[in-house]
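Undergrad:
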Amino acid sequence: MNQPERAVMELKEHARKAAANSYSPYSRFPVGAAVAGASGRIYAGCNVENASFGLTQCAERTALTAAIADGAAPGSLGLLVIYTPGEVAHPPCGACRQVMHELMAEDSLVVSCCDGDDLHAWRNSEHLPQPFSADAILRGGPGGS
32 MNQPERAVME LKEHARKAAA NSYSPYSRFP VGAAVAGASG RIYAGCNVEN
82 ASFGLTQCAE RTALTAAIAD GAAPGSLGLL VIYTPGEVAH PPCGACRQVM
132 HELMAEDSLV VSCCDGDDLH AWRNSEHLPQ PFSADAILRG GPGGS
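Residue numbers (the working numbering): 32 to 176.
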């Protein structure tokens, strides 16, 4: 097993454990995620649903915001692994893709895995074509030139 595969397997285990803590009474769809900081520290998160569905926090965003809250610099996060129980590896939602684009490194990798052999991977440039960016705000927002 090479180093990247080892890193994915390590993060998968953290994500799997986080999924076990999911609060998902409405969807019954537990998700866990784990991201590696530049320091090597691992941050895990799970989905936390709310009866007001718009307030639901996805596992991916939970892990990423935990890293930022602990001092990881935006743009420094290199590998994020998403885990869902079962035989299908599910992709991240659009909101998570937008947050991943902004907080993860330009050359970062997102891997979605499950209990089976199904696995999907995307580079930062692939998981969100034409993302909304800070440049768009600075160029065209109120007071922008």
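We put the beta carbon where it would ideally sit given N, CA and C, even for glycine.
Identify every run of the beta strand (DSSP E) within the segment 46-77, keeping only runs that are complete inside it and at least 3 residues long; order them along the chain.
TA: 63-67 and 73-77
Undergrad: Consult DSSP for Cys-144 and reduce its assignment to one of helix, strand or coil.
TA: strand
Undergrad: Pro-105: which of Ile-113, Cys-77 and Ala-94 sits nearest, CA to CA?
TA: Ala-94
Undergrad: Name the DSSP beta bridge partners of His-132, please?
TA: None, per the DSSP bridge assignment.
Undergrad: With DSSP run on the structure shown, which of helix, strand or coil describes Gln-161?
TA: coil
Undergrad: Can you tell me which residues form a DSSP beta bridge with Leu-86?
TA: The partner list for Leu-86 (beta bridge, DSSP) is empty, contrary to what the question assumes.
Undergrad: In the DSSP assignment, what residue or residues form a beta bridge with Arg-154?
TA: Leu-140
Undergrad: Can you tell me which of Gln-129, Gln-161, Phe-60 and Glu-157 puts its alpha carbon nearest to the alpha carbon of Arg-92?
TA: Comparing Cα-Cα distances from Arg-92 to each of Gln-129, Gln-161, Phe-60 and Glu-157, the minimum goes to Gln-129.
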